[in-house]
Amino acid sequence: MKKKMLLLLISLMFFLVIGNVAATMNVIIITDPTGKDPNGAAAGSMSYAKNMFQSTFLMSKLHKSAILSGGEGSENLRLNSIVNAVITLDRGGTSAQAASVASSEDRILVGGPNIGIAVGGSFEAYVIEMEDNGDISVTLHSGGLATLPPGKKGAIIHLRNSVGNPLYGTATKVREETALNIGKMIRDGYSATDIVSAVFKEVSIDSGEEHGGGALNLIAGITTGDMFTPTELDGYGFPMSQPYTKVCPHCGWSVGYPAAMSYTTCPNDGTHLNTIYGYEALKNAIVSDNSTSVTVYSDIPGISQTAAEIVKSSVKKNGYSVNSITDSVNKGIKSGLLVGVDYVEPKDINVREDLRAVGVYLTPLSEYRTSPPWHLPLNPFILTVIGNIQTVIGIILILLIVFRTMLIKSFQKR
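In this note's numbering, each residue carries its 1-based index in the sequence shown increased by 937.
Have a look at this one:
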């Protein structure tokens, strides 16, 4: 237990150093409470505010659940509520018990296919529930505790506007409209991962609470990771309503924005590039096809999707071999499919075959390079010798030129 708590506290240390990281949009959606559909439960966070780090939500792959935080209280207050919520779930508590630890100043949204969904503390949220007869109910709740019982299809969405948001004042209307649309999509049979992408699109465009944040696939255990979170402290996450990357539909070559603005066709085969928006990239990252879950850690926008496809292809052909995955990624870099990153080594690949998961750490190239240096099959000593020979030849040529000039001048004097 002590070891678990130590790991938990380490994972939550960001709250103590990054200032306000409260999400203003939190959502958890469950379309398959049995947990059999790999796309049947999803969650996500967004905000107009700065510092939308992944620590605004926690996911347990073991329990297939998530805890999302927010509210107006201090960082320490939210941290204390999150720790208590984690402890409650770890001891077998319900989502309602875990969410009820939130105070009147912060917010905790907890959910998963096995425990239902609950939101506690300070919130303006809609509970969307599919009744046994197939009808959908959409109910507004304000503060205290609101729940979706275990075993039910439904969702809970919270939305407020951040101070400074140019669309301030739209949250009330957008919250209701989005909740109604969630209910319609659940009724029409859409999966949770499809719905969460639609939520990100609608909320980001209509309410301005658009910065990632990110999303989770609770059943498959897939996360967008740091795809959309700010690369520096006190910065804004990626605007989910804006173009995120351009992708070649033929070979998979991609380039992220803003560099993508310079491309209209694929440099490999001339195919017209498709523009992928932030909410679309989010969906592509968390939708599970019962294959490998790949997390790409990179500071370069737009590269994660291509790298993930390369890894999945390698695993399909050669299994969970670190060396094979390394070779495949390096071939992608060499061929130009992955631009702006250095070659990887086996230590940069983290494989968890038991979880069908692979982590890839990509290091950006320095000095504004777009491709790594060539690795020539020559010993450095040979290159040194060749260099010395060239130097000697150069000196001899200079001496010959000088000698020739002296001969010509001597001949002219005679």
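A virtual CB, placed ideally from N, CA and C, is assigned to each residue, including glycine.
Expected contact under 8 angstroms - CB spacing of residue i and residue j to nearest Å
i, j, result
"ILE1247", "SER1265", "5 angstroms"
"THR1025", "ALA1035", "4 angstroms"
"ILE1159", "ILE1223", "5 angstroms"
"ARG1044", "GLY1058", "4 angstroms"
"THR1084", "ILE1052", "That belief does not hold up - the Cβ atoms of THR1084 and ILE1052 are roughly 10 angstroms apart, past 8 angstroms."
"TYR1173", "LYS987", "6 angstroms"
Residue i versus residue j: straight-line alpha-carbon distance, rounded
i, j, result
"MET962", "GLY981", "8 angstroms"
"LYS1138", "SER1144", "10 angstroms"
"LEU1077", "GLU1113", "8 angstroms"
"LEU1096", "ALA1116", "10 angstroms"
"PHE1060", "SER1128", "26 angstroms"
"VAL1295", "LEU1016", "29 angstroms"
"SER948", "ILE1019", "The predicted position of SER948 is uncertain, since its pLDDT is 42 and thus under 50; no value can be drawn from it."
"GLU1012", "THR1263", "40 angstroms"
"VAL1259", "LYS973", "29 angstroms"
"GLU1009", "GLY1151", "20 angstroms"
"GLN991", "LEU1210", "Below a pLDDT of 50, predicted positions are generally treated as unreliable, and GLN991, at 46, falls in that range; the measurement from the model is reported next regardless. Distance between the alpha carbons of GLN991 and LEU1210: 30 angstroms."
"GLY1162", "LEU1299", "14 angstroms"
Buried versus exposed, by CB contacts within 10 Å (16 or more), residue i
i, result
"THR1182", "buried"
"THR1168", "exposed"
"LEU1046", "buried"
"THR968", "buried"
"MET1198", "exposed"
"LEU1313", "Legend: pLDDT at LEU1313 = 46, less than 50; position of this residue unreliable, value from coordinates given subsequently. Counting Cβ neighbours within 10 Å, LEU1313 comes out exposed, since fewer than 16 surround it."
"GLU1147", "buried"
"ARG1289", "exposed"
"THR971", "exposed"
"GLY1048", "buried"
"ASN1102", "buried"
"SER1241", "buried"
"VAL1056", "buried"
"LYS1253", "exposed"
"VAL1100", "exposed"
Closer than 9 angstroms to chain B by CB, residue i
i, result
"MET983", "No chain B is present in this structure, which holds just one protein chain."
Contact set for residue i: own chain, Cβ-Cβ below 6 angstroms, skip 5 residues either direction
i, result
"TYR1216", "SER1134, PHE1137, LYS1138 and MET1177"
"LEU995", "ILE1004"
"TRP1190", "CYS1203, ASN1205 and LEU1274"
"GLY1088", "PRO970"
"ALA1245", "VAL1231 and VAL1233"
"ILE1073", "MET1067, GLY1120 and ARG1124"
Beta-carbon proximity list for residue i, same chain, < 7 angstroms, skipping 5 on both sides
i, result
"ALA1196", "none"
"ASP1236", "THR1168 and PRO1301"
"SER1261", "SER1251 and ASN1255"
"VAL1075", "TYR1063, ILE1065, ALA1116, LEU1117 and GLY1120"
Close Cβ partners of residue i (< 8 angstroms) along its chain, the five nearest in sequence each way excluded
i, result
"ILE1132", "ILE966, THR968, ALA979, ALA1092, ILE1119, MET1122 and ILE1123"
"THR1243", "VAL1184, GLY1189, TRP1190, SER1191, GLY1269, LEU1274 and LEU1275"
"ASN1267", "TYR1280 and VAL1281"
Subject >> Uninterrupted beta strand (DSSP E) stretches inside the region 1213-1246 (no shorter than 3 residues) >> reply: For the beta strand (DSSP E) assignment, the uninterrupted runs of no fewer than 3 residues enclosed by the region 1213-1246 are, from N- to C-terminal side, 1230-1234.
**OP:** Quick one: which unbroken beta strand (DSSP E) runs of 3-plus residues sit fully inside the region 1148-1173? Chain order, please.
**Re:** Along the region 1148-1173, the beta strand (DSSP E) occurs as fully enclosed runs of 3 or more residues at 1148-1154, listed in sequence order.
Original post:
Where are the beta strand (DSSP E) runs, 3 residues long or more, that stay fully inside the region 957-1004, in chain order?
Top reply: Within the region 957-1004, the beta strand (DSSP E) runs of at least 3 residues that lie entirely inside it are, in chain order, 962-967, 978-984 and 994-997.
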